[in-house]
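Residue numbers (our numbering), protein chains in the order written: chain A, 1 to 139; chain B, 1 to 112. Where a beta carbon is used, it is the ideal one built from N, C-alpha and C, also for glycine. Contents: one structure, followed by commentary.
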Amino acid sequence: MLLRYRTIPSLLSDIDTIFDTAFPVRRTPSYTNAPSALSMKDAGDSLSVTLALPGIAKEDVKVTLHDGLLTVVAERRAPELKENERWLRNEIGYGRTERSVALPYPVVTENVTAAHENGLLRIVLPKAEEAKPKQIAIR
Amino acid sequence: MTNETRQTAHTLVPAVDIIETPAAYVVRLDIPGAERERISAKVEENTLTVSAPVSAAGEVSKDIEPVREYRREFSLANDVDVQSIDARYELGVLTITLNKKTQYLPKEISIN
Numbered sequence: 001m002l003l004r005y006r007t008i009p010s011l012l013s014d015i016d017t018i019f020d021t022a023f024p025v026r027r028t029p030s031y032t033n034a035p036s037a038l039s040m041k042d043a044g045d046s047l048s049v050t051l052a053l054p055g056i057a058k059e060d061v062k063v064t065l066h067d068g069l070l071t072v073v074a075e076r077r078a079p080e081l082k083e084n085e086r087w088l089r090n091e092i093g094y095g096r097t098e099r100s101v102a103l104p105y106p107v108v109t110e111n112v113t114a115a116h117e118n119g120l121l122r123i124v125l126p127k128a129e130e131a132k133p134k135q136i137a138i139r
Numbered sequence: 001m002t003n004e005t006r007q008t009a010h011t012l013v014p015a016v017d018i019i020e021t022p023a024a025y026v027v028r029l030d031i032p033g034a035e036r037e038r039i040s041a042k043v044e045e046n047t048l049t050v051s052a053p054v055s056a057a058g059e060v061s062k063d064i065e066p067v068r069e070y071r072r073e074f075s076l077a078n079d080v081d082v083q084s085i086d087a088r089y090e091l092g093v094l095t096i097t098l099n100k101k102t103q104y105l106p107k108e109i110s111i112n
């Protein structure tokens, strides 16, 4: 597993029992955090990597590229409960997340851009000249 | 000739956190990739339904038609005041605050 989350496992089963009676959630299937945790797309001249990082501020995300390996490290801060507040349900994972992906092509490191929108981190990596697709003229 | 094939919507069930405070229930849903204008939250017959379309692979690009949908339903307890529900969207997380009806709020009773 590349995704590491810190949760509150000891509380979960108890909470489910209390909560299901007090405030029942109609559907309790296997929920998901994201459409896909990480996706990589080949857009011809560039590669685009999209990573779902909901609830994580830009300052808590670090992206590094080293030796063809793209690494994203992010920290999701858990809400701090006051004394008179209590958890009824906790499915969202908090803590540190780290994901690495090997790039299939060499890229121009200087021109890599990253944007953070609606909880998605999107990294665009322009391919190095030798990795770009070339049209060959037919004679 | 165009061949229009409509992709079947695939439902994604977002992870949810619920915190109870003395005055409210605070519900958080992870819906990364959803666009604010396209998120729907409605209450009907004591059921809160949250839904939002999202593109495949979480693409935010406007030219890609969303093919999947986040959707989750909640049965509301009697103490929820459905007239004063507040929702806000930030960083791919939808936070819904369901205030409790005043008669259910804790009251301090002064002792003479």
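What residues from the segment 38-54 of chain B come within 9 Å of chain A, judged by C-beta to C-beta, listed N to C?
Cβ contacts with chain A: Thr47, Val54.
Short check: CB of Lys127(A) to CB of Asp45(A), under 8 Å?
It is a contact, given that the beta carbons lie within the stated cut-off.
Spatial distance of Ile92(A) from Val16(B) (CA atoms):
Cα to Cα, Ile92(A) sits roughly 6 Å from Val16(B).
Continuous beta strand (DSSP E) stretch holding Asn90(A): start and end
Counting along the chain, the beta strand (DSSP E) containing Asn90(A) begins and ends at 86-90.
If the cut is a Cβ gap below 9 Å, which residues of chain B does Ala52(A) touch?
Listed along chain B, the residues sitting closer than 9 Å to Ala52(A) by beta-carbon distance are Asp30, Pro32, Gly33, Gly58, Gly92.
Give a yes or no on whether the minimum CB-CB distance between Val82(B) and chain A is below 8 Å.
By this cut-off, Val82(B) is not an interface position.
For Thr97(A), which residues does DSSP report across the bridge?
BP columns for Thr97(A) point to Ala74(A).
Answer yes or no: the CB of Tyr94(A) versus the heavy atoms of the ligand FMN, is any distance below 7 Å?
With respect to small molecules bound, the structure shown includes none, and the ligand FMN cannot be examined in it.
For Ile18(B), count the other beta carbons within 10 Å of its own beta carbon; 16 or more makes it buried, fewer makes it exposed. Which is it?
Looking at its Cβ environment, which holds 16 or more other Cβ atoms inside 10 Å, Ile18(B) is buried.
Beta-carbon separation of Pro54(A) and Val93(B) under 8 Å?
In contact: Pro54(A) and Val93(B) (Cβ atoms closer than 8 Å).
Helix, strand or coil at Thr102(B) according to DSSP, with G and I counted as helix:
Annotated three-state conformation of Thr102(B) is helix, per DSSP.
Tell me, please, whether the segment 64-84 of chain A touches the segment 95-105 of chain A by the rule of three or more beta-carbon pairs shorter than 8 Å.
The segment 64-84 of chain A vs the segment 95-105 of chain A: in contact.
For Arg139(A), does the three-state DSSP call read helix, strand or coil?
Of the three classes helix, strand and coil, the one that applies to Arg139(A) here is coil, per DSSP.
Using a cut-off of 9 Å between C-beta atoms, extract the partners of Glu108(B) located in chain A.
For a Cβ distance threshold of 9 Å, nothing in chain A lies close to Glu108(B): the least Cβ distance comes to about 13 Å.
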